[in-house]
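To keep things clear, I will list the structure first and then write my remarks on it.
Residue numbers (this note's numbering): 50 to 365.
Shown next as structure tokens:
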């Protein structure tokens with residue numbers, strides 16, 4: 050049995066940028082670029098990297114690319130991505146399953162190892178670096194206990210939960226213990242995922258701006274290309290996460306023009322409902338709500354927030 054099976058989900062049928070996983074980046078298809086960056090993981094004993102794509106004819110090219118790069122490939126339902134992951138888990142059993150996506154070409158093997166270590170040490174059913182984001186969007190790593198994943202697959206009926214694979218787990222903190230891997234650099238506002246033609250142009254520019262981008266560590270890339278500075282205005286800086294005892298509690302420092310003006314804490318229950326606590330000095334909740342909603346919209350854990358002034362929805 051593996052310690053880790055890292056499953057890269059990839060298909061050509063993107064709505065905003067069709068065929069992006071096969072787009073050329075530094076002489077490689079985007080998916081090939083990602084698999085090159087992940088090669089140090091695939092070369093370790095007791096770790097496997099596999100590709101999970103759909104059984105649609107349009108994804109024959111994805112399967113062929115994986116096979117060309119000597120990467121195991123599983124094929125299944127295009128819409129029910131969760132079922133694809135179960136195929137991967139059955140074919141490549143492991144103590145923990147890592148979910149990665151093919152539109153995150155700058156994923157760092159060291160970060161995958163770090164999130165996996167946090168998962169192991171915490172004993173959680175689900176661990177990620179995404180619910181309280183300190184890493185760029187595009188370095189998303191989720192680690193799941195395979196027993197919990199199978200249980201969630203048996204319970205999840207919402208098509209969105211089947212598509213997003215892990216969302217049933219982190220939307221039910223009363224059932225599944227959650228953990229978060231936090232970095233020491235507040236880089237959560239960086240955007241490194243490839244969703245649009247502009248994102249792809251940015252990545253191609255990074256090839257010339259960063260020496261050996263195929264193997265550069267994420268911190269080297271951030272130092273060279275980081276686009277988001279602290280700047281003026283209102284910001285939320287990740288502070289802490291608590292995911293034990295049937296809760297998911299995220300706390301941010303509220304910063305205005307570089308000064309900390311208090312904290313805001315979101316406590317999520319099951320099925321998308323959450324409450325919020327404000328501890329502010331010289332700053333009103335009404336000013337913070339839009340910024341908080343921006344961060345909550347980045348994942349599917351919270352749909353409605355119960356506030357002192359009434360509930361408000363998280364638009365996506």
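Don't be surprised by glycine CBs; every beta carbon is placed ideally from N, CA and C.
Element boundaries [alpha helix (DSSP H), containing residue 344]: 334 to 345
How many angstroms separate the CA atom of residue 82 from the CA atom of residue 69? 12 Å
For the pair the segment 239 to 257 and the segment 310 to 323, tell me if three or more CB-CB distances fall below 8 Å. no
Determine contact between the segment 354 to 363 and the segment 318 to 326, defined as no fewer than three beta-carbon pairs at a distance below 8 Å. yes
According to DSSP, residue 175 sits in a beta bridge with which residue or residues? 193 and 227
Using a Cβ-Cβ cutoff of less than 7 Å, which residues in the same chain neighbour residue 75 once the five nearest sequence positions on both sides are dropped? 82, 256, 262 and 263
If you draw a straight line from the alpha carbon of residue 185 to that of residue 236, how long is it in whole angstroms? 5 Å
With a cut-off of 8 Å, do at least 3 Cβ pairs link the segment 150 to 164 to the segment 84 to 91? yes
Can you tell me whether residue 8 is buried or exposed, with buried defined as 16 or more other CB within 10 angstroms of its CB? Absent from the structure is residue 8, since the part of the chain shown begins at 50 and ends at 365.
Give me, in chain order, the residues of the same chain whose beta-carbon lies closer than 8 Å to that of residue 135; leave out the 5 immediate sequence neighbours on both sides. 198, 199 and 202
With distance defined between alpha-carbon atoms, name the residue in 71, 141 and 207 nearest to residue 95. 141
Indicate whether residue 58 and residue 150 have their beta-carbon atoms separated by less than 8 Å. yes
Is the CB-CB distance between residue 174 and residue 193 below 8 Å? yes
Going by the C-beta, is residue 82 closer than 7 Å to any heavy atom of the ligand MN? With respect to small molecules bound, the structure shown includes none, and the ligand MN cannot be examined in it.
Can you check which of these residues, 210, 330 and 152, is closest to residue 132 by C-alpha distance? 210
For the segment 81 to 138, which segments carrying the beta strand (DSSP E) assignment without a break, of at least 3 residues, lie completely within its bounds, in sequence order? 96 to 103 and 122 to 125
By DSSP's criteria, residue 55 is part of a beta bridge. Which residues make up the other side? 98 and 147
Could you say if the segment 163 to 173 and the segment 212 to 224 meet the contact criterion of at least three C-beta pairs nearer than 8 Å? no
Neighbourhood of residue 177 by C-beta, 6 Å cutoff - its chain only, sequence neighbours within 5 removed: 191
Keeping to the same chain, check which residues put their C-beta closer than 8 Å to that of residue 188; ignore five residues upstream and five downstream. 153, 155, 156, 157, 160, 178, 241 and 267
Same chain, Cβ closer than 8 Å to residue 130, neighbours up to 5 away in sequence not counted: 58, 101, 211, 212, 213 and 214
How long is the line joining the alpha carbons of residue 205 and residue 350, rounded to whole angstroms? 14 Å
Between which residues of its own chain and residue 125 is the CB-CB distance below 8 Å, once the five residues before and five after are set aside? 101, 103, 104, 132, 133 and 136
So the beta strand (DSSP E) residue 212 belongs to, where does it begin and stop? Premise fails: residue 212 lies in the alpha helix (DSSP H), 208 to 213, not in any beta strand (DSSP E).
By DSSP, does residue 62 sit in helix, in strand, or in coil? coil
Where the alpha helix (DSSP H) containing residue 251 begins and where it ends: 246 to 258
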